[in-house]
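Protein chains in written order, with the working numbering: chain W, 92 to 284; chain B, 92 to 284. All residues carry an ideal CB built from backbone N, CA and C; glycine is no exception. Here is the structure we will look at.
2 protein chains.
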Amino acid sequence: MAGVRQFDEAAVMEIALSVFWQQGMAATSMPDLAQATGVQRGSLYNAYGDKEAIFLRAFDLYAERFLASARASLAGETAEDVLRGFFRAAIANMTGGTPRRGCLTTKTASDGSAALPRVREALKRFLDALTDVVEEALDQPVLRAQLAVEPARAAKVIVTFTRGLAVMERVHGDRDGLLELAETLSASLVRSR
Amino acid sequence: MAGVRQFDEAAVMEIALSVFWQQGMAATSMPDLAQATGVQRGSLYNAYGDKEAIFLRAFDLYAERFLASARASLAGETAEDVLRGFFRAAIANMTGGTPRRGCLTTKTASDGSAALPRVREALKRFLDALTDVVEEALDQPVLRAQLAVEPARAAKVIVTFTRGLAVMERVHGDRDGLLELAETLSASLVRSR
DNA sequence: GTCATGTTTGACATTTGTGTCAATCATGCA
DNA sequence: TGCATGATTGACACAAATGTCAAACATGAC
C-alpha cells in the first residue's frame, strides 16, 4: 500500500482528546486541532472528514479509559467505601489539568454538541455503560443490604449526581466542596444504622 | 431628555433570554440577538456594550424567576412532598420549550462561558441563593426530623443533583426518567421508616 | 528503479462574527 | 418652533472558521 499516512494517528488522537477536554467540543475548531497536533488542517480533513469524526474517535479513548478507571475505583468492603472510591476517581478526573479541564461528558452534553445525533449517542452509550459498571459493583449481597435503594436505581442516581458535581466544579472550582457533596450523597444512599 | 431609546428594553431582554436559553450563551452571537429582537446590531452594541452585558441582564431575569418558582414549589406536609415539588418544578423548567431548552445555568456553566469572571459570579450567586432557598424550606423541625442529613447538606446535594438532571436531560431527553431519578434521590434523603 | 496510490500542502472562495463610526434621525425641553 | 442630546443605521475593516482542490510529494509493491 503506497500513499501512507505521515503522522502518528494515536498521538494525534491523544492530543485531540486533550484539546477537546480542555476547550470543549463546540469551542474547538479545526485550526485549534491542527495547531495542537502539528498536522495541517487539510490532512485532518482528508484523514477524518470533519471535527465531529475526530471528536467521536477521541471520545472513544476517553470513554474506554474512564470506564476502566471507574471499574478499578469501585472497590471496598462496605458500600460507603465503594462509593467513596468511585467519587474520588470521578472528582480526580474532572479536577485534573491546568487549568482544570472539567468533565468532558458534561461539557459535551451541555455545549450544544449533543444536537449532533452521533455525539449524543456516544454520550448516551458512555453514560449507560458507566451506569452498568456502577450497578454491577453494587449488585452484591453484602453491599445490597447496606444500600437504602436497589443497585440499579442507586447507580443511576450516582451517575447523575456525578454530572452535577461536574457542573458545580465549573462554578465553584472547589475540590473539597465536591468531596463533601459526594460524602453526603454516599451517606444518604447507605441505609442508616 | 432627548435621544430616547426606540425599542422596548424589557421586551428585548425577554427575547434575549429565550435565545440564550435555547442556544446557550457561548453559541449565541450578536447577529442572533439582533435578528430575534428586531433591533439592529449597532443599537445593541450602543445600548449594552457587548454580548456578556446582555447575557448578565437576561440571566438576572432568569434567576429571579427561577428563585420565585423554587420558593413556591417547596411546599408540602412531608419532606418527600417538599422535595417532590421542587424537583417537579426544576424538571418542568428544563423540559419546557420546543425544542426543549434545557437548563440555562447548566449550559452556561459548561459551555465555556464560566471562564468570564462576571458570568461565573452570576452563576455562583444564583446557585448559592437557590441552595439557601432549599435549605430554608427544609429547616423546619417537622421536616428536619424526616431527613437523613441536615438541611444545609441536603440542600447542597439537591441543587447539585438538579444540575445532574439537566445534563441527563440533554443526553436522554426522557422526562419520566428524570422524575424517577428525582424520586429515588428524594427517597434516599428521607430517613427510612 | 518505476509506478500507482493515497497523503500533504498551500491557496482559494465563502461564510460568519466582531467592533467601530460618521451620517442620519427622532424626541423632549426650553 | 428650534435645538441639543443621544439613538439608529448601514457600511467598513478586520478576524476567524469552513470546506475544497490541484499540484507536489512520499512510499510500498512490483
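Residue-level contact to chain B via CB, W/D202, 8 Å cutoff: The beta carbon of W/D202 falls within 8 Å of a beta carbon belonging to chain B, placing the residue at that interface.
Let me know if W/R244 comes out buried or exposed under the rule of 16 or more other beta-carbons within 10 Å of its beta-carbon. Buried is the call here.
Start and end residues, alpha helix (DSSP H) containing B/T169: Secondary structure note for B/T169: it is in no alpha helix (DSSP H), with a DSSP letter that is neither H nor E.
Helix, strand or coil for W/V130, going by three-state DSSP, please let me know. Residue state, collapsed to three classes: coil.
Can you list the residues of chain W that B/S120 reaches, using a CB-CB cut of under 8 Å? Neighbours of B/S120 on chain W: none; closest Cβ ~13 Å, over 8 Å.
Chain B contact for W/T222 (CB, 8 Å cutoff): Chain B has no Cβ within less than 8 Å of the Cβ of W/T222.
Which of helix, strand or coil does DSSP assign to B/V281? The answer is strand: DSSP assigns B/V281 an E or B state.
Quick one: is W/E260 buried, meaning 16 or more other Cβ sit within 10 Å of its Cβ, or exposed? It counts as buried.
By Cβ distance, which residues of its chain are closer than 7 Å to B/L108, with the 5 residues on each side in sequence left out? For B/L108, where only same-chain residues beyond five positions count, the Cβ hits under 7 Å are A149, L152 and Y153.
State yes or no: is the beta carbon of B/L152 nearer than 8 Å to at least one beta carbon in chain W? So no, B/L152 is outside the interface.
Where W/P242 falls, given that 16 or more other Cβ within 10 Å makes a residue buried: Per the 10 Å Cβ criterion, buried.
Within chain B, partners of W/T197 - CB distance below 8 Å: Those within 8 Å of W/T197 in chain B are S201 and V258.
Note down, in chain order, every chain B residue with its Cβ under 8 Å from the Cβ of W/T275. Going along chain B in sequence order, the residues near W/T275 (Cβ under 8 Å) are V240, R244, A245, K247 and V248.
Starting from W/A245 and walking both ways along the alpha helix (DSSP H), at which residues does that stretch end? Following the DSSP letters along the chain, one finds W/A245 inside the alpha helix (DSSP H) bounded by residues P242 to H263.
Would you check if the region 248 to 257 of chain W and the region 218 to 228 of chain B touch, i.e. whether three or more CB-CB distances between them fall below 8 Å? Flag = no, the region 218 to 228 of chain B and the region 248 to 257 of chain W do not touch.
Residues that W/M238 bridges to, as DSSP identifies them: Note that residue 238 of chain W corresponds to Leu in the displayed sequence, not to Met. In the DSSP output, where bridge partners are listed per residue, W/L238 has W/V281.
Measuring alpha carbon to alpha carbon, tell me which of B/A205, B/F178 and B/L195 ends up nearest W/P190. Among B/A205, B/F178 and B/L195, the Cα nearest to that of W/P190 belongs to B/A205.
Can you give the beta carbon distance from W/E143 to W/R96, rounded, assuming they're within the 8 Å contact cut? The Cβ separation is near 20 Å, so there is no contact.
Quick one: which unbroken alpha helix (DSSP H) runs of 4-plus residues sit fully inside the region 169 to 220 of chain B? Chain order, please. Counting whole runs of 4 or more residues, the region 169 to 220 of chain B contains the alpha helix (DSSP H) stretches 170 to 186 and 195 to 201.
Which whole-angstrom value describes the C-beta separation of W/A239 and W/V281, a residue pair presumed to lie in contact below a C-beta threshold of 8 Å? The beta carbons of W/A239 and W/V281 sit about 6 Å from each other, so the pair counts as a contact at 8 Å.
What's the gap between the Cα of W/G176 and the Cα of W/T197? Whole-angstrom Cα-Cα distance: 20 Å.
Kindly confirm or deny that the region 258 to 272 of chain B and the region 182 to 189 of chain B touch, where touching means at least three C-beta pairs closer than 8 Å. With a cut-off of 8 Å, the region 182 to 189 of chain B and the region 258 to 272 of chain B count as touching, because enough Cβ pairs lie within range.
Do you know how far the Cα of W/L276 is from the Cα of W/T169? Between the C-alpha atoms of W/T169 and W/L276 there is a straight-line separation of about 15 Å.
Relative to the alpha-carbon of W/F146, which residue among W/G94, W/L256, W/E274 and W/T119 has its alpha-carbon at the smallest distance? Taking the Cα of W/F146 as reference, the smallest distance to any Cα among W/G94, W/L256, W/E274 and W/T119 is reached at W/T119.
Does B/G115 come out as helix, strand or coil in the three-state DSSP assignment? Looking at B/G115 - three-state DSSP - the assignment turns out to be coil, as it is neither helix nor strand.
Residues in the same chain with beta-carbon distance under 8 Å from B/A84, minus the five sequence neighbours each way, listed in chain order, please. The question about residue 84 of chain B has no answer here: the residues shown for chain B are numbered 92 through 284.
According to DSSP, is B/V95 helix, strand or coil? Note: B/V95 maps to coil in three-state DSSP.
Would B/T128 count as contacting chain W if we go by Cβ distances under 8 Å? Not one chain W Cβ lies under 8 Å of B/T128.
Could you round the C-beta distance between B/D70 and B/Q114 to whole angstroms and report it? I think they count as a contact, below 8 Å. Only positions 92 to 284 of chain B appear in this structure, which leaves residue 70 of chain B out of reach.
Return the Cβ separation of W/L135 and W/M121 in integer angstroms, given the expectation that the two are a contact with Cβ distance under 8 Å. Between W/M121 and W/L135 the Cβ distance is about 6 Å, and since that is below 8 Å, they are a contact.
I need the DSSP call for W/G268, collapsed to helix, strand or coil. In this structure, W/G268 counts as helix in the three-state DSSP scheme.
Applying the criterion that 16 or more other CB atoms from any shown protein chain within 10 Å of the CB defines a buried residue, is B/A93 buried or exposed? For B/A93, the number of other beta carbons within 10 angstroms of its own is below 16, and it is reported as exposed.
Which chain B residues are close to W/R282, counting only those with a beta carbon under 8 Å from its beta carbon? S283, listed in chain order.
How is W/S120 classed by DSSP in three states: helix, strand or coil? If DSSP states are grouped into helix, strand and coil, W/S120 belongs with coil.
Can you tell me the Cβ-Cβ gap for B/A220 and B/L165, rounded? I've got them flagged as a contact below 8 Å. Their Cβ separation, rounded to whole angstroms, is 13 Å, which puts B/A220 and B/L165 out of contact at 8 Å.
Please name the residue in W/A180, W/A246 and W/W112 whose C-alpha comes closest to that of B/E271. With distances taken between Cα atoms, B/E271 lies closest to W/A246.
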